[in-house]
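Chemist:
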Amino acid sequence: MNTFLSTTTDKEVASIFAGDGAKLPSYERSVLFEMTIDTTHCYKSKPLADVSKRSHMKDENEILLSMGTISQISSIDIENNVWFVKLILTGQEDKRLIQLIDYQKMLLREKETVVLLGRFLQDMGEVEKAKRYYNLVLKDLPVDSVDVSSVYNNLGAIAKDE
């Protein structure tokens, strides 16, 4: 499946697609992403294409980014109920990214999948959600499951940090 993220170089067009500060239901937010792209590096890892000259909607100034393109958040601001998120596109050569991917791969090899979600929640700082998840898992796991000790170990680590 070929999937792309459609973007624009025109802030006004992006604002329209982001809802332009329109009154939204309480559970929805308008989010406008501003991306800094160093094309000397990004072409190496994931393709992107300026399709503005080939598009039927030439005023959109559309650029397609390949799904799986990786970016780093540099800032988040909220103005008039619109979230502005500044991103910097990074490539596979980013050392911190490589370390994070290697760490997550190591976790996948070491842990049973039932424990992984809780661990990811912990790593993201979602400690309360991790505790709730672990407690739900404990109710469903057989008493003799090898995962029970991992769940209790992770709950203990959370308690120690609190």
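Counting with full-length UniProt numbering, you get residues 1 to 162 for the letters of the sequence shown. Positions of the beta carbon are idealized from the N, C-alpha and C atoms, including for glycine.
#1: Using only CA atoms, which one of A159, A130, L155 and V31 lies nearest to V85?
#2: Which residues mark the beginning and the end of the beta strand (DSSP E) in which V51 is found?
#3: Taking 7 Å as the threshold (C-beta atoms), are T8 and E79 in contact?
#4: With respect to 6 Å, is the separation between the Cβ of E162 and the closest non-hydrogen atom of the ligand NAP below this value?
#5: Within 10 angstroms of the Cβ of N81, are there 16 or more other Cβ atoms? Answer buried if so, exposed if not.
#6: Three or more C-beta pairs closer than 8 Å, one from the stretch 112 to 126 and one from the stretch 138 to 158: is that the case here?
Modeler: The structure says:
#1: V31
#2: Per DSSP, V51 belongs to no beta strand (DSSP E) and is neither H nor E.
#3: no
#4: With respect to the ligand NAP, the structure shown offers nothing to examine, as it has no ligands at all.
#5: exposed
#6: yes
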